[in-house]
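First comes the structure, then the notes that go with it.
Residue numbers (the working numbering): -14 to 670.
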């Protein structure tokens, strides 16, 4: 077993043990929380994405972030006592702690299948239910796991035991498995092949309930020998009963209760949760996405909400005109049929945020303030707004510009520029504080970003080239790059040193004001979308799928920072140490020490797999470098937008994948085994 020992315990809520970024919104944290377990009333644990493990020892009043030693998305948790517990992730991943979450051991499950449920009857006897016939048992507290002999085509979703010998499992194809020898053997009762049984609970050896898809439920009073079928009024998961009539379950994202044996379920008050856990007969805890954490002392009727969020909109851009005052704009949301974006403001360096404006702005794409009160923002599809009262009231300067406006910058209180991202592409300029705008550049390509280092010297990017002006936008000279993807952002530290980044790991640096460009692109498969450099050597770069990197040597090497942001991140630093990162679902992160990352520099490891032919128009083959066969692997293919387009599980090396149905383009191919995960670039011709 691999022992993961982390020597730090932070009581502050930071999103990775080695990187000093704290949550500014939501507070106190915004992790996606997946599961909760309370071995006793005061001590509880919560797990979530990005390796998140939280612990309370005072009944949920305060929570500490525990070091997990992993950045995997943790999905399930079960503690057998206050010190000993288990967490699971995808691809058959299991960890165990025996010291209350201070250190963790990675256990060998022997599978790469997805897990659906974890259940321990006592400290030694436990079970894990999973896909494709995975019903694992341990009799030694998780040190070893054995698979039960059941149908490999049966997906097992839920397990429950009434004593050390008698237990039940709910599975697909309306199948209930039963054991009377502690899991040595299992017998099945099969039914409708089109119905999945999602949850099972037994009050004793005879009386039990099963909930399935399409509001289907079953009840037995003779230990599963026969079942009564009936319909409930809503879909049910994670079901438990206190007596033959009273039970609790999760339906959609609500805690619900029945008092008639499962026919009728009604919400009790706790909503917005992914799961729940009763610490005793009345105290129930619920956790959800974006840091939602609830506690109820009256069976969920009234709830204490421990999280606070100004907004959960996707945040698009951030700008600070001084060290304390900052503004953020969000994408549009939909409410009562209206499309609108929001403006967020802080006057205390991100300690608190308030919404100063929300209206029918459309999708807000960029914001820039020339002082703490005067600022501009773009409504992507042809709208330019201005405020002079610190973001409360906004005047519409342009309402119907027939193009997508991408980014706005100002070089002084009167002079500003806009990058227009459309088929024809243009750069707009104002010299009268936004009253009028003229086109100073137009050519048949989208202008995706713009950056000025002074009133005369500025740079803009097209898909595969860089524009430069030295006379305030009157003239623009174009330099072409041989980049593989599309350029998405440009940042200059001064007149000489600058950077551009883009799709498929494109990254270029210039030290002579853009005359020549050094290709520092990495064979990474992420799309780099945004940059911010605090000086010539120290910078940050974010990308799709929550990727986040830092460099301290001008982009020669990068350190990977594990970010809780699911999508892209936009960055802004007010000085060398203080910075902000904003992104999806209202995420606002802050650092006051330059992010201080102590993990190893990120360099692409030598691949353990071969992918050929690449490019290909039909079939590709994947094998290991050492030609080892029969390695079980999961294969996932994503398009350039991060959307999953193909998925295959539990394949044996070497693997052949048919990509003939994919459209021509560049894709990301992820290979997962029990020991590693790698992502490779795949080109479909």
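C-beta: ideal position from N, C-alpha, C; glycine also.
Contacting residues, own chain, Cβ-Cβ under 7 Å from residue i (five flanking each side not counted)
| i | result |
| --- | --- |
| residue 518 | 476, 478, 484 and 524 |
| residue 68 | 83, 84 and 85 |
Assigned secondary structure, residue i (DSSP; H/G/I helix, E/B strand, else coil)
| i | result |
| --- | --- |
| residue 273 | coil |
| residue 210 | coil |
| residue 571 | helix |
| residue 490 | helix |
| residue 183 | strand |
| residue 406 | coil |
| residue 585 | Bear in mind that the predicted position of residue 585 carries a pLDDT of just 31, short of 50, making it unreliable; the figure below should be weighed with that in mind. Coil. |
| residue 631 | strand |
| residue 578 | coil |
| residue 618 | strand |
| residue 7 | strand |
| residue 59 | coil |
| residue 433 | coil |
| residue 14 | coil |
| residue 463 | strand |
| residue 264 | coil |
| residue 166 | coil |
| residue 30 | strand |
| residue 279 | strand |
| residue 452 | strand |
| residue 217 | coil |
| residue 591 | With a pLDDT of only 39 at residue 591, under 50, the local geometry of the prediction cannot be trusted, and no value is derived from it. |
| residue 108 | coil |
| residue 475 | strand |
Residue i - partner residues in DSSP beta bridges
| i | result |
| --- | --- |
| residue 51 | 38 |
| residue 158 | Its beta-bridge partners do not exist; DSSP assigns none. |
| residue 480 | DSSP lists no partner for residue 480. |
| residue 80 | 72 and 91 |
| residue 535 | 525 and 544 |
| residue 354 | 360 |
| residue 637 | 617 |
| residue 650 | 669 |
| residue 370 | 362 and 381 |
| residue 127 | According to DSSP, which records beta bridges pairwise, residue 127 is partnered with nothing at all. |
| residue 173 | 162 |
| residue 693 | The requested residue 693 is not part of the displayed model; the chain covers only -14 to 670. |
Cutoff 8 Å; reference residue i; Cβ partners in own chain excluding five residues on either side
| i | result |
| --- | --- |
| residue 636 | 617, 618, 619 and 620 |
| residue 214 | 201, 202 and 203 |
| residue 564 | 517, 519, 525, 556, 557, 558, 575, 576, 579 and 580 |
| residue 134 | 170 and 171 |
| residue 670 | 600, 601, 602 and 649 |
Same chain, Cβ closer than 6 Å to residue i, neighbours up to 5 away in sequence not counted
| i | result |
| --- | --- |
| residue 148 | none |
| residue 494 | 484, 503, 505 and 540 |
| residue 240 | 253, 255, 261 and 285 |
| residue 29 | 23 and 41 |
| residue 190 | 147, 151 and 208 |
| residue 396 | 437 and 440 |
| residue 415 | 401 and 422 |
| residue 443 | 437 and 454 |
| residue 452 | 445, 461 and 463 |
| residue 380 | 371 |
Terminal residues of the beta strand (DSSP E) in which residue i lies
| i | result |
| --- | --- |
| residue 670 | Looking at the DSSP string, residue 670 is not in any beta strand (DSSP E), and its letter there is neither H nor E. |
| residue 85 | Here residue 85 belongs to no beta strand (DSSP E), and DSSP marks it neither H nor E. |
| residue 396 | Taken as a continuous stretch (DSSP letters only), residue 396 belongs to no beta strand (DSSP E), as it is neither H nor E. |
| residue 122 | 120 to 123 |
| residue 234 | 232 to 236 |
| residue 195 | 193 to 197 |
| residue 596 | 594 to 597 |
| residue 251 | 251 to 256 |
| residue 557 | 555 to 558 |
| residue 101 | 100 to 105 |
| residue 423 | 423 to 427 |
| residue 671 | Shown here, the chain extends from -14 to 670; a query on residue 671 therefore has no answer. |
| residue 517 | 513 to 518 |
| residue 239 | 239 to 243 |
| residue 144 | 141 to 146 |
| residue 116 | Run containing residue 116: none; DSSP gives neither H nor E here. |
Residue i CB to nearest heavy atom of the ligand FAD below 7 Å
| i | result |
| --- | --- |
| residue 68 | Absence of the ligand FAD from the depicted structure is noted, as is the absence of any ligand whatsoever, leaving it without description. |
CB contact check: residue i to chain D, cutoff 8 Å
| i | result |
| --- | --- |
| residue 26 | Looking at the structure shown, chain D is missing, and only one protein chain is on hand. |
**Q.** Length at least 3, wholly inside the region 283 to 324: the beta strand (DSSP E) runs in chain order
**A.** Restricted to the region 283 to 324, the beta strand (DSSP E) segments that are unbroken, complete and at least 3 residues in length are 300 to 304, 311 to 315 and 318 to 320, listed in chain order.
Q | Start-end ranges of the beta strand (DSSP E) lying completely within the region 326 to 350, minimum 3 residues | A | Secondary structure in the region 326 to 350: the beta strand (DSSP E) runs of 3 residues or longer, each lying completely within the stretch, are 339 to 344 in chain order.
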